[in-house]
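Read through the structure below, which is laid out as structure tokens, and then see the notes.
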Amino acid sequence: MEFDAIREYLPLYAEAFKLTVTIGWIGIALSLVIGIAGAFIMYFRIPVLCQITKAYVELFRNTPLLVQLFFIYFGLPKLGLSISSGTCGAIGLGLLGGSYMAESIRSGLFAVSESQKTGAASLGFRRGGMFFYVILPQAVSISVPSVIANVIFLLKETSVFSAISLMDLMFTAKDLIGLYYKTTECLTLLVAFYILMLLPVSILGSIVEKKVRFGMYGS
Amino acid sequence: MSDNAKEILKIEHLFKDYDNTPVLEDIDLTVNKGEVVVIVGPSGCGKSTFLRCLNGLESIREGRITLDGEPVDPNNRSIYKIRERIGMVFQSYDLFPHKTILQNITLSPVKVQKRDKKETEKEALELLERIGLSSHKDKYPRQLSGGQKQRVAIVRALIMHPEVLLLDEITASLDPEMVREVLDVVLSLAREGRTMVIVTHEMGFARAVADRMIFMDGGHIVEEGSPDEFFDRPKSERLRSFLKTFDYEG
Numbered sequence: 097m098e099f100d101a102i103r104e105y106l107p108l109y110a111e112a113f114k115l116t117v118t119i120g121w122i123g124i125a126l127s128l129v130i131g132i133a134g135a136f137i138m139y140f141r142i143p144v145l146c147q148i149t150k151a152y153v154e155l156f157r158n159t160p161l162l163v164q165l166f167f168i169y170f171g172l173p174k175l176g177l178s179i180s181s182g183t184c185g186a187i188g189l190g191l192l193g194g195s196y197m198a199e200s201i202r203s204g205l206f207a208v209s210e211s212q213k214t215g216a217a218s219l220g221f222r223r224g225g226m227f228f229y230v231i232l233p234q235a236v237s238i239s240v241p242s243v244i245a246n247v248i249f250l251l252k253e254t255s256v257f258s259a260i261s262l263m264d265l266m267f268t269a270k271d272l273i274g275l276y277y278k279t280t281e282c283l284t285l286l287v288a289f290y291i292l293m294l295l296p297v298s299i300l301g302s303i304v305e306k307k308v309r310f311g312m313y314g315s
Numbered sequence: 024m025s026d027n028a029k030e031i032l033k034i035e036h037l038f039k040d041y042d043n044t045p046v047l048e049d050i051d052l053t054v055n056k057g058e059v060v061v062i063v064g065p066s067g068c069g070k071s072t073f074l075r076c077l078n079g080l081e082s083i084r085e086g087r088i089t090l091d092g093e094p095v096d097p098n099n100r101s102i103y104k105i106r107e108r109i110g111m112v113f114q115s116y117d118l119f120p121h122k123t124i125l126q127n128i129t130l131s132p133v134k135v136q137k138r139d140k141k142e143t144e145k146e147a148l149e150l151l152e153r154i155g156l157s158s159h160k161d162k163y164p165r166q167l168s169g170g171q172k173q174r175v176a177i178v179r180a181l182i183m184h185p186e187v188l189l190l191d192e193i194t195a196s197l198d199p200e201m202v203r204e205v206l207d208v209v210l211s212l213a214r215e216g217r218t219m220v221i222v223t224h225e226m227g228f229a230r231a232v233a234d235r236m237i238f239m240d241g242g243h244i245v246e247e248g249s250p251d252e253f254f255d256r257p258k259s260e261r262l263r264s265f266l267k268t269f270d271y272e273g
């Protein structure tokens, strides 16, 4: 292991790390917006939108991110819309993540027991009040673990960004290996930066999970 | 019961099906203000379904249910107002797991009835005091025993100031030693003159609390009468054999 090389590459990795994290989290934010909207549409079975959402979920959950990125990156310009590879990455991640998030949140909503709804109804709750005060908080609690798992999964999926020449961590590592053949150093740095990106999410995730675990306890 | 008893809940010719299978057939019952009506019967006889109909939780095929003259109809928008006036407690407690005990009690009066939060909390604490659980007000349902949870569920229904209280097998999932603490609360409510319709399998309790007993079987009311008549001189063979199943002597 050559520590000089590591010292030399470090700033490049730091730069790539910033880019990966930024685009990753923008994509995740987008995926949450899509996911929440999609889950509500499927829960309330809003006509037309519900069918569209289901088709979207199946399409994006059953195709690889790489293929989705290619469609956006090379397809949109053909339609006259040119976007930067950064925007493309964030949108691709958001669309892929949105399909996973929608399923996680939807299953949380449906997991709230019928007897909780009956109990709330017997107390005079209208539909809206029942949803916001009784169903939603419990659904969130049930969804949190799988939403966090999705976040971690999506952050790792950013490694595909290199295919649309985004200077992310993976791209930087491959580029440096190609130039200088310092494979061990480059891969070690790559692993270290991915852990740096994901470990805090894992730790924070399990703290949040513990905090909202009430949904799994009895009532 | 006095002669000028005021009718509060009236059920006329009630029919109810589940997918064309009749569950309740031609039920007639009038509950007077301050009266405690206890319904017993074998499992699956329709008594829980009947209670759910009284709170508009089930749609009915035929007949009429009225609370003080107003229809109890799940397809009518007035059902929400009606449910505020009819309290119900279930076998499975159904406290809100994400809310503390105090929040569980105050949620519906504050959010549904738009009552003042401070006043409601004060009333909730008085009620909790009465059932001996005021020290648990900041705990979550999961931290309480079944009997404690069920007492909280009763208080949660009471704080809505219901005109009628429906209790659906509220001790059925409790350990024997917890049954008593819950039934004592119900007995004290009966003494205060609360109007209640109770479904239970606790025969001793039924006899102690009831003004009138109802025996249901196969979706019908088979027999009704005062507790003494009902338990000591049952008229129908079906009630006699039902009561025998609770008898371990001889």
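Chain order of the listed sequences is A and B. Residue numbering for the first sequence follows the numbering used here, beginning at 97 and increasing consecutively. Residue numbering for the second sequence follows the numbering used here, beginning at 24 and increasing consecutively. We put the beta carbon where it would ideally sit given N, CA and C, even for glycine.
- Inter-segment contact for the stretch 192-210 of chain A and the stretch 256-275 of chain A is absent: fewer than three beta-carbon pairs are separated by less than 8 Å.
- Here tyrosine 109 of chain A is buried, its C-beta having at least 16 other C-beta atoms within 10 Å.
- Among the residues of the stretch 211-230 of chain A, those with a Cβ less than 7 Å away from any Cβ of chain B are Ser211, Gln212, Thr214, Gly215, Ala217, Ser218, Leu219, Gly220, Phe221, Arg222, Gly225, Tyr229, Val230, in the order of the chain.
- Per DSSP, the beta-bridge partners of valine 112 of chain B are B/Leu190.
- For threonine 118 of chain A, the three-state secondary structure derived from DSSP is helix.
- Straight across, the Cα-Cα distance linking leucine 285 of chain A with tyrosine 169 of chain A is about 28 Å.
- According to DSSP, residue pairing for glycine 185 of chain A in a beta bridge does not occur.
- Note on aspartate 240 of chain B: 16 or more other CB atoms within 10 angstroms of its CB, so buried under the neighbour-count rule.
- If you draw a straight line from the Cα of isoleucine 124 of chain A to the Cα of lysine 270 of chain A, it comes to about 25 Å.
- Against chain B, a Cβ distance below 7 Å from serine 237 of chain A picks out His121.
- Within the stretch 58-118 of chain B, the complete beta strand (DSSP E) segments of 3 residues or longer fall at 59-63, 85-90, 109-112, listed in chain order.
- A distance below 7 Å between beta-carbons, with the five flanking residues on each side excluded, links glycine 182 of chain A to the following residues of its chain, in chain order: Ile119, Leu262.
- Inter-residue distance for leucine 190 of chain B and valine 112 of chain B is about 5 Å (C-alpha atoms, whole angstroms).
- Close to chain A, meaning a Cβ-Cβ distance shorter than 8 Å, are the following residues of the stretch 128-157 of chain B: Leu130, Ser131, Lys134, Val135, Gln136.
- Within the stretch 83-116 of chain B, those residues whose Cβ lies closer than 7 Å to any Cβ of chain A are, in chain order, Tyr103, Arg106, Glu107, Met111, Phe113, Ser115, Tyr116.
- With fewer than three CB-CB distances shorter than 8 Å, the stretch 156-163 of chain A does not count as touching the stretch 219-231 of chain A.
- Using a 10 angstroms sphere on the CB of isoleucine 187 of chain A, the tally of other CB atoms reaches 16 or more, which defines it as buried.
- For threonine 129 of chain B, the enclosing alpha helix (DSSP H) starts and ends at 124-134.
- DSSP places glycine 155 of chain B in the coil class of the three-state scheme, outside both helix and strand.
- Sequence-ordered contacts of the stretch 176-189 of chain B with chain A read Ala176, Arg179, Ala180, Met183, Leu189 [C-beta pairs closer than 9 Å].
- Rounded to whole angstroms, the gap between the alpha carbons of lysine 39 of chain B and leucine 212 of chain B is 30 Å.
- The C-beta separation of leucine 197 of chain B from glycine 170 of chain B comes to about 6 Å, placing the pair in contact by the 8 Å criterion.
- Residues of chain B with a Cβ closer than 8 Å to the Cβ of phenylalanine 310 of chain A are, in chain order, Pro120, His121, Tyr163, Arg165.
- Just measuring C-alpha positions, the residue of A/Leu294, A/Met293, A/Tyr277, A/Arg309 sitting nearest methionine 97 of chain A is A/Tyr277.
- Histidine 184 of chain B counts as exposed, since fewer than 16 other beta carbons sit within 10 angstroms of its beta carbon.
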